[in-house]
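In this note's numbering, the protein residues as written are 38 to 210.
Glycine included, each C-beta is placed from N, C-alpha and C at the ideal position.
None of the values given here were measured: they were computed from a predicted structure.
Okay, so here's the structure we're looking at.
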Amino acid sequence: MKQSKLMSCLMLLSYMAFLSACSILRVTDVNQSHSLMQADLNRPHAAVYFIRPTTEHVAGYADNELDVELDGEDLISLGKAEYTLVYLKPRDVTISLHNRTQVRGRWEVAEMERSRQFSLKAGETYFILTKMIDGEFRGAHFIPESLSLVDAKLAVQYLTPAGLARIHPVGKL
38 MKQSKLMSCL MLLSYMAFLS ACSILRVTDV NQSHSLMQAD LNRPHAAVYF IRPTTEHVAG
98 YADNELDVEL DGEDLISLGK AEYTLVYLKP RDVTISLHNR TQVRGRWEVA EMERSRQFSL
158 KAGETYFILT KMIDGEFRGA HFIPESLSLV DAKLAVQYLT PAGLARIHPV GKL
């Protein structure tokens, strides 16, 4: 009898440890080998925050990680309700957002992509919001939009910083 209680307690403790570990794991992942990443911060660079707000309602496939491409090369997999910071070489770039979403019928899944051009200047800080557009039966897609510092602070208020944004959160700018 005592042994079964001990086993039950150990199982409960293990389960609680597993749940707490899951809560600290983040989805956001940055491709550090991207050709436009600026690792040497003594060289010209632009600080770029990518912000992915949470949604009011469950969005199905569109809730999965959002792929961010920079000039056709994978840069970030951004988790829902997270934001991150990357240092990029200054230049004109195309930012593309890729996601999977349900369209038309209940089981039809499609790839969505939206792109925009941005001009990154050395020494500047940029805030790129991944704005979700719910097209109902046409599926959900994301559009990259530039934000001001004031709007970025409001946008990240309830989001989780990931990667370098943990060290340099938007709220402290």
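Where residue i and residue j are concerned, what is the direct C-alpha to C-alpha distance, given to the nearest angstrom?
i	j	result
lysine 3	serine 70	Beyond the ends of the chain as shown, which are 38 and 210, falls residue 3; an answer cannot be given.
histidine 178	alanine 202	24 Å
glycine 200	serine 133	20 Å
isoleucine 61	leucine 196	Confidence in isoleucine 61 is poor, its pLDDT being 48 and thus under 50, which makes the residue's placement unreliable; the coordinate value appears in the next sentence. So the two alpha carbons sit approximately 13 Å from each other.
isoleucine 165	tryptophan 144	31 Å
leucine 115	lysine 209	21 Å
proline 198	glycine 97	23 Å
Quick check on the DSSP output: the beta strand (DSSP E) that includes residue i runs from which residue to which?
i	result
aspartate 188	Aspartate 188 -> not in any beta strand (DSSP E); alpha helix (DSSP H) instead, spanning 186-192.
aspartate 100	Unbroken run through aspartate 100: none, as it is neither H nor E.
methionine 149	145-157
tyrosine 120	119-125
aspartate 171	162-171
glutamine 139	128-140
threonine 197	197-200
valine 85	83-89
Give me, in chain order, the residues of the same chain whose beta-carbon lies closer than 7 Å to that of residue i; leave out the 5 immediate sequence neighbours on both sides.
i	result
glutamate 148	His135 and Arg137
Does the Cβ-Cβ distance between residue i and residue j come in under 9 Å?
i	j	result
aspartate 111	aspartate 104	yes
proline 127	alanine 83	yes
arginine 141	proline 181	no
phenylalanine 155	leucine 122	no
So, for residue i: in the same chain, excluding its five sequence neighbours on each side, which residues have a beta-carbon less than 8 Å away from its beta-carbon?
i	result
leucine 78	Tyr124
Leaving aside the five residues before and after residue i along the sequence, list all residues of the same chain whose C-beta is less than 6 Å from its C-beta, in chain order.
i	result
leucine 73	Leu107, Leu125 and Lys126
- Query: Between the stretch 184-198 and the stretch 152-160, do three or more beta carbon pairs fall short of 8 Å?
  - Reply: no
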